[in-house]
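Single-structure report; data block below.
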Amino acid sequence: MERKVILCLFFIAILFVWMPEKAESAVREVGEGKPYAQVTEALRVAESGDVIRVYPGEYRGNLVIDRSVTLEAVEIGKAKIIGTGEGNVITVRHPGVTIRGFEISSGGLNYLKNDAAIMVTRDGARIEKNRIRQSLFGIYLKKSSNHVIRENDIVGREERSFSERGNGLQIYYSHRNRVEKNRFRHVRDGIYVEFSHRNRLHSNRVEDSRYGVHYMWSDDNVFEGNVFLRNVSGAAIMFSKRVKLTNNRFENSQGLRSFGMFLQTVEDSEACDNLFLHNSIGVFSDLSRNIQIHHNTFLANDIGMEMLGSNWDSVVYQNNFIDNLQHLAVNEQTTKIDWFRGERGNYWSDYEGVDVSGKGIGEPEYQSGNLFEYLMTKYPHTRLFIQSPTAKMLEAIDHWFPVVSRPSVTDPYPLMEPVRHETYDQLRRRPEEGGGAAFALVISAALLLMGGGAFWVVHRRNR
Numbered sequence: 001m002e003r004k005v006i007l008c009l010f011f012i013a014i015l016f017v018w019m020p021e022k023a024e025s026a027v028r029e030v031g032e033g034k035p036y037a038q039v040t041e042a043l044r045v046a047e048s049g050d051v052i053r054v055y056p057g058e059y060r061g062n063l064v065i066d067r068s069v070t071l072e073a074v075e076i077g078k079a080k081i082i083g084t085g086e087g088n089v090i091t092v093r094h095p096g097v098t099i100r101g102f103e104i105s106s107g108g109l110n111y112l113k114n115d116a117a118i119m120v121t122r123d124g125a126r127i128e129k130n131r132i133r134q135s136l137f138g139i140y141l142k143k144s145s146n147h148v149i150r151e152n153d154i155v156g157r158e159e160r161s162f163s164e165r166g167n168g169l170q171i172y173y174s175h176r177n178r179v180e181k182n183r184f185r186h187v188r189d190g191i192y193v194e195f196s197h198r199n200r201l202h203s204n205r206v207e208d209s210r211y212g213v214h215y216m217w218s219d220d221n222v223f224e225g226n227v228f229l230r231n232v233s234g235a236a237i238m239f240s241k242r243v244k245l246t247n248n249r250f251e252n253s254q255g256l257r258s259f260g261m262f263l264q265t266v267e268d269s270e271a272c273d274n275l276f277l278h279n280s281i282g283v284f285s286d287l288s289r290n291i292q293i294h295h296n297t298f299l300a301n302d303i304g305m306e307m308l309g310s311n312w313d314s315v316v317y318q319n320n321f322i323d324n325l326q327h328l329a330v331n332e333q334t335t336k337i338d339w340f341r342g343e344r345g346n347y348w349s350d351y352e353g354v355d356v357s358g359k360g361i362g363e364p365e366y367q368s369g370n371l372f373e374y375l376m377t378k379y380p381h382t383r384l385f386i387q388s389p390t391a392k393m394l395e396a397i398d399h400w401f402p403v404v405s406r407p408s409v410t411d412p413y414p415l416m417e418p419v420r421h422e423t424y425d426q427l428r429r430r431p432e433e434g435g436g437a438a439f440a441l442v443i444s445a446a447l448l449l450m451g452g453g454a455f456w457v458v459h460r461r462n463r
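For the sequence shown, UniProt numbering gives the first residue as 1, with consecutive numbering after it.
What follows is the structure, encoded as structure tokens:
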């Protein structure tokens, strides 16, 4: 028995001695005077685990990556991969690929094939610190998951209309991704999310596009610390559950029906610690249930929040409504929404009550929707007369003789001081932004007076 054990151990030892060692990962260099002149040459001979280092220069042709390699530029942005103008510039067909530090351009324009600068169809890719130009879609994650998309700068085709552009980042049937610190400009939609769950989108910036985020049929996603600036609408969230939006900035979405954030058929979700600044409508919500909206600031919007009567079981509390032309717009006399939690309502900059109890809660209750606001909701062109003597007269008449029944909102616990939260505190440290609303109103009033005076002078002279 002992002899058999000794023989067995002997053969195992021989096996280990003669077992070939695992080949070490190779570093393959591409560039002028290097072993490989083109990236395609290095990819052709590379094995999984290899690192392909690309030196500054222009490298033409589309690439297909079918091994788990790291493709990285030696100097960020100095190695340029220029596509053929057809199809995807880079197609990833193997798990665990890293692409870092390139300028990538000249992808195809085929909408039916969703041509992209980088098309990823396998799991676990890392796409970092790339500059993408002159492509239809920037990065397209297609039916693959667990990616890291970080610090990329994507610029679309500004000369084309929105309908002729692609999205900056398309997340399609793609789950558990981390999308961080990317910048998107002049694309159709900055980040498009469809049928994709449990993603985290943090500290991204979308500017001068149609939607900052276009989001449908996707659950359990988190949007945190993002900036949406000068888009037609900041975020359109639709047909989804358990979405969390926190510490985001929605600024300067201006247009006939532009929104900071649009909620359509959303359930069990939360929006907190966000800033809605200088938008046509800060938040618009329709057919949504169990939405928690708290600790946000709505500043200098045309309408702070528009809530249709189709919403229910939601709560809006401890928000700041400051210097909006109209804080709220509702379309039903009784909304199925609570405008407080516990004994904490919201802060309204036009509230004129007093703190009798010393608890920071005003008396009497806050009632939204004077007669002129009702007219603005029903007839939007009447906004031209905001702050005019006629508007003030209607408000005064309505206060003393409230004869017109209309939808309104009651906050039984109006706050006497603004609610402190992170984005509000950041705004206070940017006085040029915080004071912009009041300054703009003063300038607008001055221009109207000057225009009226000039018209009167011309009229007198013509007589």
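A virtual CB, placed ideally from N, CA and C, is assigned to each residue, including glycine.
Distance, residue j Cα to residue i Cα
| i | j | result |
| --- | --- | --- |
| HIS58 | ARG341 | In the sequence on display, residue 58 carries Glu and not His. In a straight line, the C-alpha of GLU58 is about 60 Å away from that of ARG341. |
| GLN264 | ALA329 | 16 Å |
| GLU352 | ASP189 | 42 Å |
| PHE184 | LYS129 | 13 Å |
| SER368 | SER258 | 22 Å |
| HIS175 | VAL356 | 52 Å |
| LEU441 | THR84 | Note that LEU441 scores a pLDDT of 41, beneath 50, so its modelled location is shaky and nothing firm can be said. |
| LEU325 | ILE154 | 35 Å |
| ARG67 | LEU245 | 37 Å |
| SER209 | GLY358 | 47 Å |
| CYS272 | HIS294 | 5 Å |
| VAL45 | ARG429 | 55 Å |
| GLU224 | LEU201 | 6 Å |
| ASN177 | GLU363 | 48 Å |
| TYR317 | ASN167 | 35 Å |
| LEU447 | ASP323 | Interpretation of LEU447 is limited by its pLDDT of 39, a score under 50 that renders its predicted location unreliable; the figure taken from the coordinates is listed afterwards. When rounded, the distance between both Cα atoms is 19 Å. |
| residue 491 | GLY107 | Residue numbering for the chain in the displayed model covers 1 to 463; residue 491 lies beyond these limits and cannot be assessed. |
| GLU180 | ARG93 | 23 Å |
| SER161 | ASP313 | 40 Å |
| LEU71 | SER349 | 54 Å |
| ILE81 | LEU43 | 14 Å |
Run of the beta strand (DSSP E) containing residue i, from where it starts to where it stops
| i | result |
| --- | --- |
| ALA116 | 116-120 |
| PRO343 | At residue 343 the sequence reads Glu, which differs from the Pro that was named. Looking at the DSSP string, GLU343 is not in any beta strand (DSSP E), and its letter there is neither H nor E. |
| THR70 | 70-73 |
| VAL148 | 148-150 |
| GLU224 | 222-224 |
| VAL227 | 227-229 |
| ASP286 | 281-286 |
| THR297 | 297-299 |
| ALA79 | 79-82 |
| SER240 | 233-241 |
| HIS202 | 200-202 |
| ARG126 | 126-128 |
| GLY304 | 303-307 |
| VAL179 | 178-180 |
| LYS142 | 137-142 |
| SER357 | Here SER357 belongs to no beta strand (DSSP E), and DSSP marks it neither H nor E. |
| MET216 | 211-216 |
| HIS294 | 289-294 |
| LYS244 | 244-246 |
| HIS327 | 326-330 |
| ILE99 | 98-100 |
Extent of the continuous alpha helix (DSSP H) run through residue i
| i | result |
| --- | --- |
| ASP273 | Per DSSP, ASP273 belongs to no alpha helix (DSSP H) and is neither H nor E. |
| TYR424 | 422-428 |
| VAL27 | Premise fails: VAL27 lies in the beta strand (DSSP E), 27-30, not in any alpha helix (DSSP H). |
| ARG44 | 39-45 |
Residue i: CB within 7 Å of a non-hydrogen atom of the ligand FMN
| i | result |
| --- | --- |
| SER368 | Only the bare structure without any ligand can be found here, which leaves the ligand FMN out of the picture. |
Own chain residues within Cβ distance below 8 Å of residue i, not counting five before or after
| i | result |
| --- | --- |
| GLU417 | TYR347, GLY360 |
| PHE239 | MET216, TRP217, GLN264, THR265, VAL266 |
Same chain, Cβ closer than 6 Å to residue i, neighbours up to 5 away in sequence not counted
| i | result |
| --- | --- |
| GLY282 | GLY260, PHE276, PHE298, ASN301, GLY304, MET305 |
| THR91 | VAL64, MET119 |
| ARG157 | ARG165 |
| LEU287 | THR265, SER310 |
| ALA26 | ASP50 |
| PHE284 | PHE259, PHE262, GLU306 |
| HIS214 | ASP189, TYR192, ALA236 |
| VAL222 | ARG200, LYS244 |
Cβ distance (whole Å) where residue i is taken to contact residue j below 8 Å
| i | j | result |
| --- | --- | --- |
| SER144 | ARG122 | 5 Å |
| ASN110 | ILE149 | With a Cβ gap of about 23 Å, ASN110 and ILE149 do not count as contacting. |
| VAL30 | VAL51 | Going by Cβ atoms, the distance from VAL30 to VAL51 rounds to 11 Å, so no, they are not a contact pair. |
| VAL419 | ASN320 | 5 Å |
| SER105 | ARG133 | 4 Å |
| residue 475 | TYR211 | The requested residue 475 is not part of the displayed model; the chain covers only 1 to 463. |
| ALA117 | VAL89 | 5 Å |
| GLY345 | LEU415 | 6 Å |
Nonlocal neighbours in the same chain, by C-beta distance under 7 Å from residue i, ignoring five residues either side
| i | result |
| --- | --- |
| SER253 | ASN231, VAL232, SER233, GLY234, PHE259, GLY260, ASN279, SER280 |
| GLU75 | PRO56 |
| GLU343 | ILE361, TYR413 |
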